[in-house]
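The structure under discussion appears below in the form of structure tokens.
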Ligand code: ADP
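Residue numbers (our numbering): 4 to 377.
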């Protein structure tokens, strides 16, 4: 029987589920926020994902609901579950990707390593945390942040006054120690409702201006100790929060060889785009398999190294299509993925994947192909 998977959100993550869905014989339907979005090829509905009636109407003829983003309100998700709709990941898991304070509290219960943190309600509480943590800290809005928006390094309690002022009565901001990390890593796992879990190799992620710029798989220098440690963290969290589908765990690596969890994403994630061309099972296929409770695919790398570079809309002249064509001509070894989005400055409009046996060659080719867009 054909499984019908409904994706809420019409961005590039939904778009990149389309091809694997066709291959798996899954019927994909997408509730897009607007006309003309990235996933418009599969957009069977356009509407507001915060509106229960709109979502109810969309899920009427799907078997499983999943997501392109984490912003569907808990009330909407819980109403669907109460009506018997299969929602993956479910609201009980998704809350930990929706609210960073809720996440920190749960990770503490699970005994997972993370930065020192606290919930702070005002500038005085923030100042005390800063004083206790060497004169600096990172303040975060618990909900709605992405690509570094909602994250601020502060040295004094009054540097987040605007955010405190905007809080609802009784709400708090998250404050974390300012981690002197040597690099950022990401660990992905997939878990299906029946409990089966598979883990991907740990990767290094390079951020620029709060946005993921490059990913190297596996993380260079990752030996058995690090690989086992991050995989254990991924599995512990996946089981501990009951996630279904793809889980990405963003991590900091410190110079004393510790890893600390930064945040969670419960969907395909930018840190896993390399797997489309570099793994036996790409993350979009894996996500669909997991949410449809199909057997999971193997996660070994197809080549020793894979590198992913994001393409951001920028100042380059000329139509995006021309630049894609030039990059393809100059770099036939590169896999170029486009999101069908207008190239506004800083906006992710595509990415390049290159895989091979020599890391220097792979990095060079990926950067050279991506350079056609800068
Ligand atoms: P977003 O939800 O916007 O992606 P993150 O919580 O991932 O926000 O933070 C964005 C970036 O800010 C991280 O990738 C990291 O570079 C930096 N950062 C976040 N938290 C800390 C921390 N506690 N210490 C040091 N840097 C941090």
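Note that CB positions come from ideal geometry on N, CA and C, so glycine has one too.
**Q.** Own chain, CB closer than 6 angstroms to residue 243, minus 5 neighbours either side, in chain order
**A.** The answer, listed in chain order, is 113.
Q. Excluding five sequence neighbours on each side, which residues of the same chain lie with their C-beta closer than 7 angstroms to the C-beta of residue 184?
A. 255, 256, 257
Q | Every unbroken beta strand (DSSP E) within the segment 22-110, with a cutoff of 3 residues, ordered by chain | A | Qualifying beta strand (DSSP E) stretches, in chain order: 30-35, 46-49, 67-70.
Q. Is residue 264 helix, strand or coil by DSSP?
A. The answer is strand: DSSP assigns residue 264 an E or B state.
Q. Around the Cβ of residue 302, are there at least 16 other Cβ atoms within 10 angstroms (buried) or fewer (exposed)?
A. Looking at its Cβ environment, which holds 16 or more other Cβ atoms inside 10 Å, residue 302 is buried.
Q: Let me know if residue 226 comes out buried or exposed under the rule of 16 or more other beta-carbons within 10 Å of its beta-carbon.
A: Residue 226 is exposed by the Cβ-count criterion.
Q) Hey, is residue 151 close to ligand 1, as in C-beta under 6 angstroms from one of its heavy atoms? A) Placement of the Cβ of residue 151 at a distance of less than 6 angstroms from at least one heavy atom of ligand 1 is found.
Q: Can you grab the Cα-Cα spacing for the pair residue 77 / residue 262, in whole Å?
A: 30 angstroms
Q) DSSP three-state call for residue 334: helix, strand or coil? A) coil
Q | Under the three-state DSSP convention, the category residue 140 falls into | A | In the three-state reduction of the DSSP assignment, residue 140 falls in the strand class.
Q) For residue 22, which option in 333, 334, 289 has the closest C-alpha, if you only look at C-alpha atoms? A) When the alpha-carbon of residue 22 is set against those of 333, 334, 289, the nearest one is in 289.
Q) By the 10 Å Cβ neighbour count, where 16 or more other Cβ atoms means buried, how is residue 237 classified, buried or exposed? A) buried
Q) So does the segment 300-316 actually touch the segment 349-358, counting three or more Cβ pairs closer than 8 angstroms? A) yes
Q: Look at the alpha carbon of residue 358 and the alpha carbon of residue 97, and state the distance between them as a whole number of angstroms.
A: 32 angstroms
**Q.** Closer than 6 angstroms: residue 118 CB and nearest ligand 1 heavy atom
**A.** With a cut-off of 6 angstroms, the C-beta of residue 118 is classified as near ligand 1, since at least one heavy atom of the ligand falls inside that distance.
Q.
Rounded to the nearest angstrom, what separates residue 375 and residue 364 at their Cα positions?
A. 17 angstroms
Q. If we count Cβ pairs, one from each stretch, closer than 8 angstroms, do we get three or more for the segment 111-128 versus the segment 174-193?
A. Per the Cβ contact rule, the segment 111-128 is in contact with the segment 174-193 (3 or more Cβ pairs under 8 angstroms).
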